[in-house]
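Per full-length UniProt numbering, the sequence shown starts with residue 1, numbered consecutively.
Worksheet for the structure shown next.
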Amino acid sequence: MKVEKVIKAFSLKEALAALKENEGRAELIAGGTDLLVKIRENHNKKPVIVDISDVPECRGIRFEADYIAIGACAKYSELVESDRVMRQLPGLWEASKSVGAPQIQNLGTVGGNIANASPAADAVPPLLAMEALLEIVSNEGCRTVALKDFFKGKGQADLNEGEIITQIIIPRPGSAHINVQFEKLGLRNALAISRLSAAAAVELSEDKVIEKVCVASGSIGLTGMREPELEAFLTGKKLDEALISSACDLFSEVVSSRLSGRGTMPFKREAVRGVFGNALKKALRASL
Ligand SMILES: Cc1cc2nc3c(=O)[nH]c(=O)nc-3n(C[C@H](O)[C@H](O)[C@H](O)COP(=O)(O)OP(=O)(O)OC[C@H]3O[C@@H](n4cnc5c(N)ncnc54)[C@H](O)[C@@H]3O)c2cc1C
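Set out below in structure tokens:
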């Protein structure tokens, strides 16, 4: 569809007003790395584009006592360049560093990655593993939704017409002994859309017993998702090489049955061992 108008919003109020004025005809743009591809290929569905990339309420990264808030329009490059993100959110930092190439990292945003609801969205598995929440604002008010409940299918999300994701809230874990790791296998190192990824947030006791674990995957389902079978298997066990090997076997079985009949199944069934095994090994190393 031909784009008729682009409205640049400089505040959340302006963005919401533009959405209201163009009800049913407007689509948001942040970095444009997904939407501009659609526009170029004439696959965009709305003629009015509302640019929220400079809306202050959607920008920045805040480190609070109980949570970390990432503005939906925070760019990957901002995350990659932040020492605090590298130290406090290593899984998300790794995922941001792995996105596309520097050109994409300089434009692409975390909120756009989530709203797009692609199974290959790299920011999603570490955010799922950290039990992130989304703050979503519209002219009707503000609501909060857990990221794990947000995806409804490939390219489908719990996001209504006129709603804007403003922030991604990452609750700080109760324990200091939790670490989140991300691992990805792409087609190539640069400009690779993720073929398979995994993230794990592991809370270990002094003697390396897993007290709590959240596992999430990308590109082995219709959306990024939590992996409850793996979480149940790992909880209460000592994290060591033998456990990592058994967990990788189980993940391989999960992938075999989930992707049964798909051409990618034999490759992904094997690849998941390396990807998930590396994420857990990083968690083990970080705890030493
Ligand atoms: C060459 C190339 C390589 C890529 N490599 C990767 C990769 O390795 N890993 C990866 O995960 N992705 C990759 N991508 C995809 C893309 O860069 C990311 O998904 C990016 O995070 C999208 O963010 P954006 O701000 O550019 O989204 P936009 O294109 O601006 O928007 C995408 C969609 O989200 C909606 N939207 C945006 N922000 C909001 C918001 N705050 N609230 C509600 N809706 C919103 C828009 O309306 C639009 O429908 C790649 C893309 C390209 C072109």
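Ideal placement from N, C-alpha and C gives every residue a C-beta, glycine not left out.
{"query": "Pairing CB atoms from the segment 101-113 with CB atoms from the segment 214-232, are three or more of them under 8 Å?", "result": "no"}
{"query": "Can you tell me the Cα-Cα spacing of alanine 232 and glycine 31, whole angstroms?", "result": "38 Å"}
{"query": "Which whole-angstrom value describes the C-beta separation of lysine 46 and glutamate 27, a residue pair presumed to lie in contact below a C-beta threshold of 8 Å?", "result": "4 Å"}
{"query": "Using the Cα positions of leucine 250 and alanine 146, report the straight-line distance between them to the nearest angstrom.", "result": "27 Å"}
{"query": "Is it buried or exposed, phenylalanine 276, if we count other Cβ atoms within 10 angstroms and call 16 or more buried?", "result": "buried"}
{"query": "I'd like the list of long-range same chain contacts for leucine 243, defined as Cβ closer than 6 Å, with 5 residues on each side in sequence excluded.", "result": "Lys237"}
{"query": "Straight-line CA distance for isoleucine 70 to arginine 84?", "result": "12 Å"}
{"query": "Ligand 1 and threonine 166: does any heavy atom of the ligand fall closer than 8 Å to the residue's C-beta?", "result": "yes"}
{"query": "Output the boundary residues of the alpha helix (DSSP H) element that contains leucine 288.", "result": "From DSSP, leucine 288 is part of no alpha helix (DSSP H); its letter is neither H nor E."}
{"query": "Does the distance from the C-beta atom of leucine 204 to that of serine 257 stay below 9 Å?", "result": "no"}
{"query": "Helix, strand or coil for valine 137, going by three-state DSSP, please let me know.", "result": "strand"}
{"query": "Contact criterion: CB-CB distance below 9 Å. Does phenylalanine 151 meet it with respect to chain C?", "result": "You won't find chain C in this structure, because it holds only one protein chain."}
{"query": "Where do the ends of the beta strand (DSSP E) carrying leucine 89 lie?", "result": "Here leucine 89 belongs to no beta strand (DSSP E), and DSSP marks it neither H nor E."}
{"query": "Straight-line CA distance for leucine 133 to lysine 152?", "result": "16 Å"}
{"query": "Any chance the CB of alanine 271 is under 8 Å from a heavy atom of ligand 1?", "result": "no"}
{"query": "Checking 9 Å against the spacing of the C-beta atoms, do glutamine 167 and cysteine 248 come in under that value?", "result": "no"}
{"query": "In the DSSP assignment, find the alpha helix (DSSP H) that holds phenylalanine 150 and state where it starts and stops.", "result": "147-150"}
{"query": "What residue ranges within the segment 219-255 form continuous alpha helix (DSSP H) runs of no fewer than 4 residues, ordered along the chain?", "result": "228-234"}
{"query": "Quick one: what does DSSP say proline 266 is sitting in, helix, strand or coil?", "result": "helix"}
{"query": "Could you check where the alpha helix (DSSP H) with glycine 111 kicks off and where it finishes?", "result": "110-115"}
{"query": "Report all residues from its chain with a CB closer than 6 Å to the CB of isoleucine 136; omit the five preceding and five following residues, and keep chain order.", "result": "Arg143, Glu163, Ile165"}
{"query": "Looking at the secondary structure, which residues open and close the beta strand (DSSP E) in which arginine 40 lies?", "result": "It is not in any beta strand (DSSP E) - arginine 40 instead sits in the alpha helix (DSSP H) that spans 35-40."}
{"query": "Are the CB atoms of lysine 212 and alanine 201 nearer to each other than 9 Å?", "result": "yes"}
{"query": "Closer than 8 Å to a non-hydrogen atom of ligand 2 - does that hold for the CB of asparagine 42?", "result": "This structure lacks ligand 2; the ligands present are ligand 1."}
{"query": "For alanine 121 and leucine 107, I'd like the C-alpha separation in whole angstroms.", "result": "15 Å"}
{"query": "Compare the Cα-Cα distances from methionine 1 to each of Gly141, Asp149, Leu36 and report the closest residue.", "result": "Leu36"}
{"query": "Between which residues of its own chain and alanine 123 is the CB-CB distance below 6 Å, once the five residues before and five after are set aside?", "result": "Ala95, Val110, Asn113"}
{"query": "CB of glutamate 131 to nearest heavy atom of ligand 1: below 8 Å?", "result": "no"}
{"query": "Take the Cβ of valine 209 as the centre, count every other Cβ of all protein chains shown within 10 Å, and call the residue buried at 16 or more, exposed below.", "result": "exposed"}
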